[in-house]
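Peer 1:
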Amino acid sequence: MKKNYLFSIYLAITPLELRFFLHELAHLDSIDLDILSEVAHLEKNTKIRLTLTEEDKKIVEKYGKLTNSLLNYVILDHTDKVRV
């Protein structure tokens, strides 16, 4: 049975980009607390629903309720690196 998951994201991105960042989250080694604090204060106006693959489900199950916050963290961290 396929499972849908609704993500709340601070940045307008496509579902394909969201899936890319979800898989980047699977390889997260360390967390910068300053960036995580910044993520907590961002408005998350973009809602994206994804049908999760088995691999996606494992990532969501691993991080549980923190998945959404950590996903926004990965997106913010990635966009900061791209801007530099």
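Mapped onto the working numbering, the consecutive letters of the sequence shown carry residue numbers 200 to 283.
C-beta: ideal position from N, C-alpha, C; glycine also.
Please read these numbers as outputs of a predicted model, since none were measured by experiment.
1. From the DSSP output, which residues share a beta bridge with F219?
2. In angstroms with no decimal places, state the Cα-to-Cα distance between A225 and R218.
3. Check each candidate in E260, F220 and L241 and name the one with the smallest Cα separation from H277.
4. Can you tell me the Cα-Cα spacing of K202 and T250, whole angstroms?
5. So what does DSSP say about N271, is it helix, strand or coil?
Peer 2: Result, derived from the coordinates:
1. Numbered from its first residue, the sequence shown carries residue 219 at position 20. Beta-bridge pairing links F219 to no other residue.
2. Along the sequence shown, read from residue 1 onward, the residue named residue 225 stands at position 26. Along the sequence shown, read from residue 1 onward, the residue named residue 218 stands at position 19. Separation of A225 and R218 (C-alpha to C-alpha, rounded to the nearest whole angstrom) is 11 Å.
3. Walking along the sequence shown from the start, residue 277 turns up at place 78. Nearest C-alpha to H277: F220.
4. Residue 202 sits at position 3 when you count from the first residue of the sequence shown. Residue 250 sits at position 51 when you count from the first residue of the sequence shown. Spanning the two alpha carbons is a distance of roughly 6 Å.
5. Position 72 of the sequence shown, counting from 1, holds the residue named residue 271. Reduced to three states, the DSSP call for N271 is helix.
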